[in-house]
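Written out below as structure tokens is the structure these notes cover.
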Amino acid sequence: MLAGLCAAREFGYRWGFLTPASKEELKVVMSKAQTKSDALRENILEVATRLFIERGFDGTSFNDIADVVGVSRPALYYYFKSKEAILEVLTTVVTRAAGELASEALPEDLRQPAAMLRHLVLRHAHLILTHPLQFRVVERNEDNLPLKQRKLAEQSRRAVLEQFRQAIELGIERGQFRMMDAKVAAFSIIGMCNWTAWWFTPSGPRKADEIAEQIADMALRSVEQDAGRQLSEQSVAGVLKLLRDDIDLLERHVKP
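Counting from 1 along the sequence shown, just add 10 to a position and that's the residue number in my numbering.
This is the structure we're talking about:
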């Protein structure tokens, strides 16, 4: 596995010094060795991802990963000291990104409930659609994450839920969204985003951005008030008018 790098070192030691031509030869040898090393590391991560999703972290041993990759345990140990180290590498990017997004302030021009909710959906869906396998590993093996990452994942999840809930409640208060349990609606929309990790295929006919846009449209339609019932501004008069309209409609249906 490391024959190329060893050969490069031996080459330098044997000659004591390197001419310009031999320096280039050494660079080629080391570059090829590094490329093979990087490819093997990526293969280890891909295999571990699949096994962690299929069998779970507890159901996957270090030897299982080595066997599927086709290397010895010592060779695998050269790249990763434990399966915990592999899990940490696989989940760091997505948990860190989720934490950063959850703490990110909304732009000033996104103060309207619909624009706010749309932004949140697009942002959350895009994160998952661009890291589907990593997200599945986190979901499947969260209890086995390093403590720091597990806490970050929990904090991010709570923060995302609160952002969605607040946006929906604001829309309800302003008469732009229908009356509903804002927390249930938030869970439902977040779940719609999360589920993409289990069916989205990057090589499929629809790109991540297109799917995120469609999910955002569906999310808004699920909560928006009918156009004729939306209030232009929050006011008692506007609410009373909607109530009178409902009463008139009810009376027309109950009269003989």
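Even for Gly, the Cβ is constructed at its ideal location relative to N, Cα and C.
Own chain residues within Cβ distance below 7 Å of residue i, not counting five before or after
| i | result |
| --- | --- |
| arginine 150 | Phe62, Ile63 and Gly66 |
| glycine 140 | The identity of residue 140 in the sequence shown is threonine, whereas the question assumes glycine. Within the same chain, threonine 140 has close Cβ partners Ala218. |
| alanine 196 | Leu171, Phe174, Arg175 and Ile178 |
Contacting residues, own chain, Cβ-Cβ under 8 Å from residue i (five flanking each side not counted)
| i | result |
| --- | --- |
| methionine 189 | Ile182 |
| proline 117 | His129 |
| glutamine 165 | Gly109 and Ala112 |
| glutamine 159 | Glu98, Thr101, Thr102 and Thr105 |
| serine 232 | Ala195, Ser198 and Ile199 |
| leucine 157 | none |
| lysine 161 | none |
Residue i in three-state terms, based on DSSP
| i | result |
| --- | --- |
| phenylalanine 90 | coil |
| phenylalanine 187 | strand |
| glutamate 114 | coil |
Straight-line Cα distance separating residue j from residue i
| i | j | result |
| --- | --- | --- |
| arginine 254 | valine 264 | 15 Å |
| glutamine 122 | asparagine 204 | 24 Å |
| aspartate 191 | aspartate 227 | 20 Å |
| aspartate 256 | valine 194 | 25 Å |
| proline 215 | serine 82 | 39 Å |
| isoleucine 225 | leucine 127 | 11 Å |
| isoleucine 138 | glycine 201 | 11 Å |
| arginine 60 | leucine 260 | 57 Å |
| serine 213 | aspartate 258 | 54 Å |
| alanine 115 | arginine 262 | 48 Å |
| leucine 230 | leucine 120 | 15 Å |
| aspartate 48 | histidine 136 | 27 Å |
| phenylalanine 145 | histidine 134 | 12 Å |
| aspartate 68 | threonine 45 | 31 Å |
| tyrosine 88 | arginine 184 | 59 Å |
| glutamate 52 | aspartate 153 | 24 Å |
| alanine 125 | arginine 167 | 21 Å |
Expected contact under 8 Å - CB spacing of residue i and residue j to nearest Å
| i | j | result |
| --- | --- | --- |
| isoleucine 178 | valine 131 | With 8 Å as the limit, isoleucine 178 and valine 131 do not qualify as a contact, their Cβ atoms being about 11 Å apart. |
| alanine 163 | threonine 105 | 5 Å |
| threonine 101 | leucine 155 | 6 Å |
| glutamine 235 | phenylalanine 187 | 6 Å |
| isoleucine 96 | leucine 55 | 7 Å |
| valine 57 | valine 79 | 5 Å |
| threonine 70 | lysine 91 | Contact doesn't hold; Cβ gap of about 16 Å is too wide. |
Neighbourhood of residue i by C-beta distance below 6 Å, restricted to the same chain and skipping five residues each side
| i | result |
| --- | --- |
| proline 142 | Ala207 and Phe210 |
| leucine 180 | Pro123 |
Problem - At least 3 beta-carbon pairs within less than 8 Å: the segment 75–93 vs the segment 103–116 - result: The segment 75–93 makes no contact with the segment 103–116, as fewer than three CB pairs between them are under 8 Å.
Practice task
Please determine if the segment 220–238 and the segment 141–155 are in contact, where contact requires at least 3 C-beta pairs separated by less than 8 Å.
Solution key: As far as the Cβ criterion goes, the segment 220–238 does not touch the segment 141–155, which means the pair count is below three.
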